[in-house]
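The structure under discussion appears below in the form of C-alpha cells.
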C-alpha cells in the first residue's frame, strides 16, 4: 500500500488525513502536488490519491490507514509530520520543514482546535427585521400562475373582504355557520358556476381548480366544503347525469341546493365496489327504493350531511328486476326546504374531528326511501319504465371504473389544495427564518436561523419540491380539462387517472411533511394558533386519506404501470423484456457513457438531463422487476395474494413514477420561463436542486442497484448542501413569489 | 459472458429471469441445479449464478442480459424456452422438454398472468371482531414495567375515577379549569411528593417519571401541567435552592403553591446564556430588583403563568455590585392569594395553541420587581448582605452548565411522555388493523388490513422501536436517579446530559412520526376526535421543541461526543486516531471476519451482535470523520463557523449515537426477560427486527461507506419484510402488553 515513489512517502499521513472526511478539495490536491514537487517526488506517484473526481475507495483508505498505523506504532508519539518523516528514507531538517509547510497549509496542525468547541458563547439578541427579498418575485409569480391568473386574482379580491376573517376559539356550530356563510359568498361571486361550461359560457375545470387552490390559502375548511358542493356533488351530477339533471346542477353551483356525495360506507371506504347500500327498482311504482341493509353499510363521513345538505348523490348497488347491476349513483333528497329530515332518512353527526370544524360530516341511513326513476344519474346506464336495464358499456367492471373516473376531479383538486397549504407553511417558516436570530460566533450579532445549514436543509429542498409539484399539478389539471372536453379516450383516461392518483398522494404526503417541518422550524412560535400551522395541520391531515387513501391509490398507480408494461410487450413479452432491459440499462447507463457513473464534478451532478435519466431508469427498472416478481408468483398463488406479496415493491414503483413525473413537469415548465435573467438563474438552481435532492433521497436504491457508488452518493449529498447554501439568499424571494396574501399568513410571517 | 459448459446454455435465459427481481430462492436454485443435471451439464458450470447468498453483481446480470438480447434478435419471436434452445449446440425435443419442465417449475411460463391483475374483485364486508391476542401479554407488561410497577398501578387506579373523563368541545377556559382540578387530585394522591426524597421518605425521581409517563397515556395537557409544577418549578427549587427553600418545595409538590419555570424569553429560546432579564442586587434594601429590559426579553411560553401561577423560578442575568455574574435563578412571586397580580408584574395570555388547551401559557414582564435576598436559589452561588458574590464554581461557563444540568429532568420526563403517546397511538392503530377488513381475493372474506405487507411495515417496526426506546428511557431515568443520589461526577453528568438530550430528541421525533403514521393507518376513523389521534398529535407536537429544541439538542450531543473523542486521544491525537481508525474499521469489519460483509443468510441478518457492531462502527466512523472535518476547518475559520459548516454531519452523528444507545438498551433489557418461552420467542424477533430495521433505515450510509453492498442491502430489506410477517400474528399481544387503560383508547381500539 505504501508502494510509491519513496520521496513521496512523508506526505502519505497528510494525504490520509486530508481525505479522512470523505472529500478532498481541488485546492487541497494542488497544495499536496506542490509539496510533492518540492520533495522532488515523481509527479505521477500520487495521482491515485489526488483526483477529487475519482476518490480512493473506502478499502484503499482503510488499507492506507492500516499501513500508517503499523508504522505509527514504531514511531515515537508525535504528530502527522513526525509520522511522515518516520516513513522517509532520509529525513532531515529541510524535509521536515517542507512537510510542516504542507501540514500548516492544509490546516492539519491546529493543536486542540476541536476541543475548543465544547462551549459556544453568544451575545446580543435581536428578533430582528425580516430580510427583504433579494429579487422582485413578480416575474416568478407570473410564471407560477401563468394559467388562470385572473381567477386567482378574483378569489384573492373576494377574500380581502372583512367577512373573510379567522376568529379564534369559535365553537363548532359557530364555525360551521361561518363556513356556510363564506361558501354562499363564494357562490355569489360566481366561482361555483365558473367550473363548468354547462353552467357558465366561460366555464372551465381549470378555473374551478385555480379558485379552489386559492381558497385553500385562506381556509381549508371552506375549501373542502366548496369541494363537496361544487366538486363532488355538482361534479357527480354533471358527469354521471344527463340533460334532465341540469336544473339540479345549476342550483348546486349557485348554492341554492346544498348537496352531498354519499359514497363511503362504514364497512367500505377504499373498496367502493363492495358498497352494500341498495337501490332497487320498483316497476309498479316506477321508483327506486333506497335501503341501508345494516349498520356497516351506513354512509360515513359524508360532508354537508350533518347540517346543511338537502340532497345527496348516493352510490348504491342497483337492483333491477331482481338482478344486481353493480354500483350506480342516484339523487336522493335528504331534507325539505325548512331543513327537516325527510321520511326514511336518518342522519347523525360524525362528531368532533381533528380539524375541519367548518365541515358538517355526517352518517346517513336510508330506510325504504323512494325516489323517482329520473333520479338515477343515467349517463352510463338507464332503467326503462318496463323494468329493463340498459347500458352502452357491456362489462360491469368497465362501467364501474368509468363511473369512478369521475373521482379524478376530486383528486386533482385535493392535490392543488395540498400545494397551497405547503406554500402557506413555507412562506411562514422561511420569512421567520430570515428574521429570527439565535446563537452566533463570539462577539458578533446572532445568526439568522436560515444561515444554519441544517435549517437550509429543512426549508429549501421543500421549497423546490413545492414548486415542482405546483407545475405537475398545473399540467395535470390542464390535461384533465382537455380530456374532459375531448370525449372518450380510454388509454388517455387511464393514464390521467393513474397520474392524478400518484400526484394526489405525493402532494398530500408532501403537505403533511412540509407543515410538520415548518412548524418545528418555527419553534414555539409555530405552536401558537395565530401562526396558522395548527389549522393547516389539523384541516389538511385528512388529505392523505380522503378522495382515495394514498396507500391504496399508489397501488392503483403500480397496477396501471404494470398494465402498460404488459401491453408494451404483448407480442413477445419475454424477448421484449430482455431487449428492453438490456437496452435500457446497459446501453443507457453503462456502455453508452461509462463516464456517467464516475463523474462527481458539480457540472455533472447538477445536470438536469442526468437527473431525469436516473429517475426514468429507476421507474423502468422497478417496473421490470415488479413484473418479474409477480410473474414468478402468479404460477403458484392467486393474483390477489401475489400482488399483496409484492405490495411494498409496488409502492416503491408508484413513488418512483410520481417523482419522475414531477421532476419532468418542473423541468419542462422551467424551459417556458420568460422572466429576467436574474430570476432565471435562481430558478435554474432550484430545478437542479430538486432533481439532485430526489436522487439523494433515493440514493439507497441507486446504490443498491449500481447507479451510484459510495463516493458519488456522498458527492450528491455534498452538492445538495452547496445548492441549498447558494439558494439561501433567494429563499425569501422564492416564497414571496407564492403570492400568499398577508392575511393568510400568521403574524411571524408578516412584513 | 456465455462461456460456460455448452450443455448448460439453454438454461441461461431462465436463470436470468429467475434473478431478474433481485433475489433467488434456495428452492429455485435447487430446481435449476436439477435441470442442469438432467442436461448432463458440468455441475460447477452454473455455480456463479446459483448461490443465493452471493448473488451475481448487477454488472454480471446486465452483461448476461445483453448477451441474451443479442441472441434473441437472431431468434424468432418466442418464449424463454425457445431462446434457451436457440442457444443450445444441439436442440432436440428431449432437450426442449427438459427446459420447459424447468420453466414450468420456476413459474416463468404463466401466459398473461400479470395482466390479470388490472382489476381486483372483492365481496363481503365485515368490520369484524377484533382478533384476540395470540399470547398472554401479562409477562411482557411485567417486563416493560419491572421498575416502579406500583407507581404505575397507583396512577392507573387514580385515573379510573370518573372525574378523569375527557369531554369533547370544552372551551379553553373550561379545559384549563378541568386540568387544574385534575392536577390537584394528582397532588392529593401524593404523586408530586413522591418524586423527591426531600418531600417523601420513599421519594425517588423514577417514581415521579413512572407517574408522569402513566398520566401521559390519559391526557398530555395534564401531564405537561404536572411537569411544569412538580418537575420544572419544584425541581428547580430543589436542585438550585437550599434548605431555606424547602418550604416552597413542599408547597409546590402539594399544589398549595402553583408555580412557573420562567426561563425562555421571546428573543432567546434555545440560547439560554444570552437571556436579558436582569436581577440586580440592591445592597441598601437587601433585595434583588428584577427587570425586563425590553420586549424581546419578556418571558415567553411560561406554563402556569396565564392563570394559575403564584410564583416563578425566574432565570435572569445576576448583577451584583455592578458586575454581571451570568444567568442565575431566583424566586419571584407573581400573584397574591386571591390571584391578583403583584406590583410590577405584567402577564399576558399566549393565546390559543395547536394543543395543550389545559395549560395556561403566558408572557411575563417584570418592572422593578423587588424580592428578598433569600429568594436567590443559592446552591451554586451566594450573595452576601454586604453585596459580595461567592460561588464554589469559579468559571462562569461551568456554573452556567451546572445550573442548566437541572434541565435534564425535564428532558427525561418528556422522553417518557413521548413513549407513552406512541404506545397509545400504536395500541389504537394495531387493534383497528386486526379488526378492520378491506379488499381480498375473489370470493373469500376480505383481509384484515394488518395482513397487508404495507400495513405491517407501517406498524410493526414502530412497535419494535417503541419497545426499544422504552428501555432506553428506563435506563436513562434510573441512571439519572443514581447520579442525583450519588453527588458530583462531572464526566457522568456530561454523559447523562448528552444521553438525555439524544433520547429526548429521538423519542419525541418518534412520537410525532408514530402518531402521524397511526392516524393515517386508521383512515377516516383516525381523524375522528374520539379516537384520540387529534389530541395526541396536537398536545404532543410541541415535545420536539420544548425542553430544548431537538435540532439544538442534537448538536449538543455531537459536541459531547467530540469532547470524548478529543479526550480519548489527548496524548497523541493523531497517532491515536490513525490507530483507532485502522484498528476499528479494518480489523473489526474487514480483516477479522471477511465473511461478515458477504453473508446474506437469515441467521446472519438477524444476528443482534452484527446489528450492534454495525451501529457502533457507524458512530465511531462518524465521530472520526466529523473530528477530521472540523480539524481541517478550524485552521481557517472561527470555531462557530466551522461547526456550522459541519452541522448536518454533526446531526447525523447524534442520530447514530441515539440509535446505538437505544438498540443497546433494548438488547440488554431482553437478556433480562424472565417470562415464558413463547413470549420470549416473540420478543426475540422484536429485538432482531429493531436492529435490522435500524440498519435498513441507515442503509444509504452503510452502502456509501462500504459496510453493505447492494445485494446485502436488498437482503436486509427483504428480511425486514419477513420479520414483520412473522411478528404479525403477535402484533396485538405486543400492543396489549403496553397495558394502556381502555379509557385512554378511542372506541375503535376498545375490545
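Chains as they are written, first to last, in the numbering used here: chain A, 5 to 755; chain B, 5 to 755.
Think of the CB as a built atom: it goes at the ideal place given N, C-alpha and C, for glycine as much as any other residue.
Note that this is a predicted model, so its numbers are computed, not measured.
is_contact[residue i, chain B] using C-beta, thresh 8 Å
i, result
"residue 245 of chain A", "no"
"residue 206 of chain A", "no"
"residue 627 of chain A", "no"
"residue 508 of chain A", "no"
"residue 396 of chain A", "no"
"residue 175 of chain A", "yes"
"residue 651 of chain A", "yes"
"residue 275 of chain A", "yes"
"residue 683 of chain A", "no"
"residue 468 of chain A", "no"
Per-residue DSSP class, three states only, for residue i
i, result
"residue 570 of chain B", "helix"
"residue 14 of chain A", "helix"
"residue 264 of chain B", "strand"
"residue 376 of chain A", "strand"
"residue 512 of chain A", "helix"
"residue 2 of chain A", "Since the displayed chain A opens at 5 and closes at 755, residue 2 of chain A lies outside it and no answer follows."
"residue 736 of chain B", "helix"
"residue 440 of chain A", "coil"
"residue 393 of chain A", "strand"
"residue 409 of chain B", "helix"
"residue 162 of chain A", "helix"
Any chain A beta carbon closer than 8 Å to residue i
i, result
"residue 304 of chain B", "yes"
"residue 367 of chain B", "no"
"residue 523 of chain B", "yes"
"residue 655 of chain B", "yes"
"residue 689 of chain B", "no"
Chain-ordered chain B contacts of residue i [CB-CB under 7 Å]
i, result
"residue 354 of chain A", "532"
Buried versus exposed call for residue i [16 or more other C-beta atoms within 10 Å across all chains shown]
i, result
"residue 326 of chain A", "exposed"
"residue 357 of chain A", "buried"
"residue 86 of chain A", "buried"
"residue 392 of chain A", "exposed"
"residue 426 of chain B", "buried"
"residue 328 of chain A", "exposed"
Residue i: contacting residues in chain A (beta-carbon distance under 7 Å)
i, result
"residue 553 of chain B", "527"
"residue 432 of chain B", "Chain A residues near residue 432 of chain B: none, gap ~14 Å exceeds 7 Å."
"residue 648 of chain B", "456 and 457"
Whole-number beta carbon distance between residue j and residue i, since they are thought to touch under 8 Å
i, j, result
"residue 352 of chain B", "residue 334 of chain B", "Contact doesn't hold; Cβ gap of about 22 Å is too wide."
"residue 106 of chain A", "residue 36 of chain A", "7 Å"
"residue 661 of chain A", "residue 565 of chain A", "6 Å"
"residue 474 of chain B", "residue 418 of chain B", "About 14 Å separates the two Cβ atoms, so there is no contact after all."
"residue 657 of chain A", "residue 609 of chain A", "Not a contact, Cβ separation roughly 25 Å."
"residue 338 of chain A", "residue 314 of chain A", "6 Å"
Chain-ordered neighbours of residue i on chain A, where CB pairs are closer than 9 Å
i, result
"residue 8 of chain B", "Near residue 8 of chain B there are no residues of chain A at all, since even the closest Cβ is about 18 Å away, more than 9 Å."
"residue 516 of chain B", "520 and 524"
Beta-carbon neighbours of residue i, restricted to chain B and to distances below 8 Å
i, result
"residue 704 of chain A", "703, 704, 707 and 717"
Contacts that residue i makes with chain B (C-beta to C-beta distance below 9 Å)
i, result
"residue 267 of chain A", "What residue 267 of chain A touches in chain B: nothing, since even the nearest Cβ is about 12 Å away."
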